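Colleague:
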DNA sequence: TCCAGATGTAGCGCATCACGTGACAGAGGG
DNA sequence: CCCTCTGTCACGTGATGCGCTACATCTGGA
């Protein structure tokens, strides 16, 4: 993602990018290697750097974290009662607070 | 949000909800009071409980965290160089990995 | 051939934070 | 009066992002 598309396009090395982002070289490397998550602070830095929306980077991380959480809590989730919420209320809340 | 719409509709108290989610009562309270963030694990539990999508709860938290990050790093972000990324590449990446 | 820079990887310490637990106080209903 | 629910605080723990140091590898230029 970042390494294969953005950095080559900007003609930036990992070391240079880390300097411009004002973070440690290893910190950026951990993100690139998937060893660390994309934090909101990191997303804000990346958004500033290349113009991609911050929530884009965060949504990628979010989907990843959610996937892990659902699998780690699979057996626990099965024990949680499922309550019916009226669709009218559901759609009402989603339209009120949903992303455009 | 949770307290004002979902819980009254389900006729659930905070204590009961915490028991059904298999978490400590104080943990749920911290989330309701905004003292703690909605983690992916918590979002998965809430999604199971009331049927609202997990990414909905996480998007709420995400927007909040991002807002804080951008303000906390305001002066730092100003020092990060802005690089122009071709719109063709931008939209290409967004369509590839963007949420529907 | 030699060397400087970039990169990958590992370990250490620090700060932050979600979470559980125990405890205490106030409000409200039977 | 007692019980439940609730809000709040304090403490400890485990996880994690981050900076830093250090070492090995590789590549391109002098």
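Protein chains in written order, with our numbering: chain A, 727 to 826; chain B, 727 to 826.
Think of the CB as a built atom: it goes at the ideal place given N, C-alpha and C, for glycine as much as any other residue.
In this text, all values refer to a predicted model and were calculated from it rather than measured experimentally.
Would residue 734/B count as contacting chain A if we go by Cβ distances under 8 Å?
Modeller: Not an interface residue.
Colleague: Could you list the residues in the stretch 786-801 of chain A with a C-beta less than 8 Å from some C-beta on chain B, going in chain order?
Modeller: 786, 788, 789, 791, 792, 794, 795, 796, 798, 799
Colleague: Does the separation of the CB atoms of residue 735/B and residue 811/A fall below 8 Å?
Modeller: yes
Colleague: Taking only beta-carbon atoms, is residue 777/B less than 8 Å away from chain A?
Modeller: yes
Colleague: Using a C-beta cutoff of 8 Å, does residue 756/B count as contacting chain A?
Modeller: So no, residue 756/B is outside the interface.
Colleague: Could you name the residues of chain B that residue 808/A contacts, counting a contact when the two beta carbons are closer than 9 Å?
Modeller: 774, 775, 776, 777
Colleague: Just mark residue 807/A as buried or exposed, buried being the case when its beta carbon has 16 or more other beta carbons within 10 Å.
Modeller: exposed
Colleague: Strictly under 8 Å for the Cβ-Cβ distance: is residue 761/B near chain A by that measure?
Modeller: no
Colleague: On a CA-only basis, which of 795/B, 777/B, 776/B, 758/B is nearest residue 774/A? Give me that one, please.
Modeller: 795/B
Colleague: Which residues of chain B have a Cβ atom closer than 7 Å to the Cβ of residue 805/A, listed in chain order?
Modeller: 748, listed in chain order.
Colleague: According to the Cβ coordinates, are residue 744/B and residue 750/B closer than 8 Å?
Modeller: yes
Colleague: For residue 786/A and residue 780/B, which I take to be in contact (beta-carbon distance under 8 Å), what is that distance rounded to the nearest angstrom?
Modeller: With a Cβ gap of about 16 Å, residue 786/A and residue 780/B do not count as contacting.
Colleague: Is it right to say residue 805/B is buried, meaning 16 or more other beta carbons lie within 10 angstroms of its own, or is it exposed?
Modeller: Burial state of residue 805/B is exposed, judged by a 10 Å Cβ sphere holding fewer than 16 other Cβ atoms.
Colleague: Go to residue 741/A, then tell me how far its alpha helix (DSSP H) extends in each direction, as first and last residue.
Modeller: 740-747
Colleague: Helix or strand or just coil, what does DSSP make of residue 734/B?
Modeller: helix
Colleague: Between the Cα of residue 756/B and the Cα atoms of 778/B, 776/B, 801/B, 728/B, which residue gives the shortest distance?
Modeller: 728/B
Colleague: Would you mind sorting residue 763/B into buried or exposed? The rule is 16 or more other CB atoms within 10 Å of its CB.
Modeller: exposed
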